[in-house]
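Worksheet: one structure, shown below.
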Amino acid sequence: MRAPRTSRGPPAVLLLMLLLLAVGCTDGYKPVIIVHGIFDGPKQFENLSMFIKKVHPGTEVPIISLYNYKCSLKPLWVQVQDFRKAIEDTMKRFPEGVHLLCFSQGDQTQKCIKVQNK
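The sequence shown maps to residues -28 to -1, 1 to 90 in mature numbering (1 follows the signal peptide of the UniProt record, and there is no 0).
Structural data, given as structure tokens:
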């Protein structure tokens, strides 16, 4: 007696089609905007930027250069407006979206920007 024949064709074809569709929909990686923390500046994040670009070729990694080093001690409510403008200007260049990678005070800055946008 023969076992019932199972068809493996359609699910495999469907899986292949979904895989090809997914590949066609991903052009690249979203840019990663880096916002430094207190007493830091863009120089401290050059290695991280290079690592991201190495692991994900073609990814843009702008590092916001505002209130660097000692200037990071200025009041946060003063810094937020300038960081907001810099981040928004960068985001306008990438309408498909970006990733924000914020450190220390940079994280607090982006939280203030987020709250102000509500």
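For each residue, glycine too, the CB sits at the ideal point set by N, CA and C.
Buried/exposed call for residue 83, threshold 16 Cβ in 10 Å: If you number the sequence shown from 1, residue 83 lands on position 111. Answer is exposed; the Cβ neighbour count stays below 16.
First through last residue of the beta strand (DSSP E) which encompasses residue 6: By one-based count along the sequence shown, residue 6 stands at place 34. Residue 6 -> beta strand (DSSP E) spans 4 to 7.
Sequence-distant residues of the same chain with beta carbon closer than 6 Å to residue -5, five excluded per side: Counting from one through the sequence shown, the residue named residue -5 turns up at place 24. Any reading at residue -5 is ruled out, since the residue's pLDDT is 49, under 50, leaving its predicted position unreliable.
Distance CB(residue 55)-CB(residue 3) smaller than 7 Å: Translated into the one-based positions of the sequence shown, residue 55 becomes position 83. Translated into the one-based positions of the sequence shown, residue 3 becomes position 31. No. Outside cutoff.
Cutoff 6 Å; reference residue 10; Cβ partners in own chain excluding five residues on either side: Here residue 10 refers to the residue found at position 38 of the sequence shown. Excluding residues within five positions, the ones whose Cβ falls inside 6 Å are 44, 76 and 77.
Alpha-carbon spacing of residue 46 relative to residue 5, whole angstroms: What you label residue 46 is simply residue 74 of the sequence shown in a count that begins at 1. What you label residue 5 is simply residue 33 of the sequence shown in a count that begins at 1. Using only the alpha carbons, I get a separation of about 22 Å.
Limits of the unbroken beta strand (DSSP E) element including residue 72: Your numbering for residue 72 matches position 100 in the sequence shown. Its beta strand (DSSP E) spans residues 71 to 74.
Cutoff 8 Å; reference residue 38; Cβ partners in own chain excluding five residues on either side: Taking the sequence shown and counting its residues from 1, the one referred to as residue 38 is at position 66. Result list for residue 38: 51, 54, 55 and 58, in chain order.
Cα-Cα separation, residue 7 to residue 61: Residue mapping note: residue 7 aligns to position 35 of the sequence shown, counting from 1. Residue mapping note: residue 61 aligns to position 89 of the sequence shown, counting from 1. Straight-line Cα distance between these residues: approximately 14 Å.
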